[in-house]
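The structure appears below as C-alpha cells.
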Amino acid sequence: MFEFLIAGISAPIFLLVLTGATVGIVGGFIGVGGGYMVTPALIVFGFPGYMASGIDVMHIAGKATVATVRHRQLGNIDWVLGLAMVGGTMMGVEMGVRLLNYTKALGLSGIALLMGSVLIMVGLFLYTQIETHKAHKKITELTQEGQAVGRELRVSTLPIFFQSIRLLPIVRCHTARLVISMWVIVLVGLCTGVLAGFFGVGGGFIRVPALVYIVGATTHIAVGTDLLEIVVSGGYGAMRQFMSGNVDMIAVFFMIIGAMFGAQFGSIATSYVRGPAIRYILSYSLILATTGAFLRLFYLLTAQQYGFLNFLAVVFTLGEMIFLCLFILSLVYFSIRFRSGKWVPAWIPALVVAE
Amino acid sequence: MKSIIDSMLAYWIILLAFSLGVAAVIYVGWLKDVIL
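Chains as they are written, first to last, in my numbering: chain A, 1 to 355; chain B, 1001 to 1036.
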C-alpha cells in the first residue's frame, strides 16, 4: 500500500501499474485513451472523482505519446489527416463543453445526459459490430475461394459518399491513401469533439469509427492517427487538470510505468491482425463500458439500496479491462500459431495477418 | 474444447465469464477489504 498525499488515500501500487498496463494494451490496440475504463476503476480504488479524472487525463497523455511513437514506426499515422482533425476536434470539445453548461443552466437533468451518452455508445456498438461481422464473413468467403485479401476490408459504403464531396480545398492523405475534402475532415473532428465535450466522454471511441466509416481510412491508420490526436488533446487536458490541482503525480507515475509497456505491446499487436479484429475489440469495449455504466446508474437510481448492483458494476469495470486484454493477447497468440501452421479456431484466419 | 472455441460467440462468452470471475475474486478477496 502506498499513501498518495495529494489524493488523500492509500492504494496498492500494483493495482495502479496493472491498470496502466491493461488499459495501455487496449488503448494502443484500438486507439482510445481508455478514460471510460480508467476513471471508474480509479474511483473504485478510492480516488476522489475529480482526482480520478485528472490522473486519468495525465496518464492518457503519456500513454498516447508512447503508443503514437510505436504506431509511427509501424506506418500507421497520417500526419495530414491527424493535424487537419486536431483543429476541428479542439474547437468541437470547447463548443461541446459550452453547450453542456448552457443545457445545465436550462435545467436538463444529468440522467438525460447519461442516457444520451449511453444511446450513442449503443448505436456505435451496433453499427460497428454489424459492419465488422459482415466484413469478417466476406473475408472468410474470399479466402475460401482462394482470393488474396489485404489487411483491411470494409463493407460500409459511407466513405464513398463523403469522399465524393468536392468542397475545396481537397487534400491528399498519402499514408492513408485518401483524396478528400479538408472540410469533411475538419467537420468530423468538430462533430466528434462536440459529442466528446458535451457528453463528457473521451473522443477516441467516437473518432476511430468516424475515421473508418466517414473519412474512409483503414482501421490501422485510424488507430494510429487518433492516438496522435489524443497526444494533443490529452496534453492540453493534462495541463489544464494539473493547473486546477486535480492530479496526483505519484499515482500518474505508477500508472505510466504499466502503460509504457502496455501501450507498446498493444500497438505492436495491431501488426498481427486485420482491421476487422481491431473493430471487434472496439465494439466490445463500447458495450462492456455501457453495461458497467448502466449498472452503476441503476444502483444510484435505486437509492443505493441493492448492494449487488454496485458489486456487479465494480466487477464489470474491472472485468472488462481483463477481458479486452485477454482477447487481444489471444488474437496475437492465435496469429503466431496460424503463421506456424498450427491449429487455430475457425474464425481466426480471417482476422489475423498470415505474414 | 477445440470444438467449443471454434465458435467465436462461445469463445467470447467463456473469456468474459473467466474475466468477470477473476475480477470478482480480486474484488471480494482483496480489493474490498484493502480499499473500500
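C-beta: ideal position from N, C-alpha, C; glycine also.
**Asked** Contact between the segment 175 to 193 of chain A and the segment 132 to 140 of chain A: three or more CB pairs below 8 Å?
**Response** Flag = no, the segment 175 to 193 of chain A and the segment 132 to 140 of chain A do not touch.
**Prompt:** Among all the DSSP beta bridges, which residues are the ones paired with Ser-164(A)?
**Reply:** Ser-164(A) is not bridged to any residue.
**Request:** Indicate whether at least one CB of chain B lies closer than 9 Å to the CB of Trp-183(A).
**Result:** It does not: the Cβ of Trp-183(A) has no partner Cβ on chain B nearer than 9 Å.
**Asked** Between which two residues does the beta strand (DSSP E) carrying Phe-2(A) extend?
**Response** 2 to 4
**Prompt:** What in chain A is Cβ-close to Ile-1026(B), meaning under 8 Å?
**Reply:** Leu-318
**Leu-295(A) versus Leu-309(A) - alpha carbon distance** = 6 Å
**Message:** Which of the three DSSP states is assigned to Ser-244(A) in this structure?
**Reply:** coil
**Request:** Starting from Val-215(A), trace the alpha helix (DSSP H) both ways and give me its first and last residue.
**Result:** Careful: Val-215(A) lies outside any alpha helix (DSSP H) and carries neither H nor E.
**Message:** Could you compute how far the alpha carbon of Pro-276(A) sits from the alpha carbon of Ile-13(A)?
**Reply:** 35 Å
**Prompt:** the segment 322 to 347 of chain A: which residues have C-beta closer than 9 Å to a C-beta of chain B, in chain order?
**Reply:** When C-beta distances to chain B are compared with 9 Å, the residues of the segment 322 to 347 of chain A below that value are Ile-322, Phe-323, Leu-324, Cys-325, Leu-326, Phe-327, Ser-330, Trp-343, Pro-345, Ala-346 and Trp-347, in chain order.
**Message:** Am I right that Pro-345(A) and Ile-1005(B) are in contact with their C-beta atoms under 8 Å? What's the rounded C-beta distance?
**Reply:** 5 Å
**Asked** According to the Cβ coordinates, are Leu-227(A) and Gly-27(A) closer than 9 Å?
**Response** With contacts defined by Cβ atoms closer than 9 Å, Leu-227(A) and Gly-27(A) form a contacting pair.
**Request:** Check each candidate in Leu-83(A), Arg-207(A) and Trp-183(A) and name the one with the smallest Cα separation from Val-194(A).
**Result:** Arg-207(A)
**Range covered by the beta strand (DSSP E) that runs through Ser-10(A)** = 9 to 11
**Asked** Is Tyr-236(A) close to chain B, meaning its C-beta is less than 9 Å from at least one C-beta of that chain?
**Response** no
**Request:** Measure the Cβ-Cβ separation of Thr-89(A) and Ala-196(A) and say whether it is below 9 Å.
**Result:** With contacts defined by Cβ atoms closer than 9 Å, Thr-89(A) and Ala-196(A) form a contacting pair.
**Message:** Between Thr-19(A) and chain B, is any beta-carbon pair separated by less than 9 Å?
**Reply:** no
**Asked** Just reading off the beta strand (DSSP E) that Leu-178(A) is part of, what are its end residues?
**Response** Residues 178 to 181.
**Message:** Closest to Ser-156(A) by C-alpha separation, out of Gly-107(A), Gly-319(A) and Leu-211(A), would be which residue?
**Reply:** When only C-alpha atoms are compared, the closest one is Leu-211(A).
**Asked** Which whole-angstrom value describes the C-beta separation of Ala-67(A) and Gly-266(A), a residue pair presumed to lie in contact below a C-beta threshold of 8 Å?
**Response** For a cut-off of 8 Å, the C-beta gap from Ala-67(A) to Gly-266(A) is around 7 Å, short enough to register as a contact.
**Asked** How big is the Cα-Cα spacing for Arg-151(A) and Ile-9(A)?
**Response** Approximately 46 Å between the Cα atoms of the pair.
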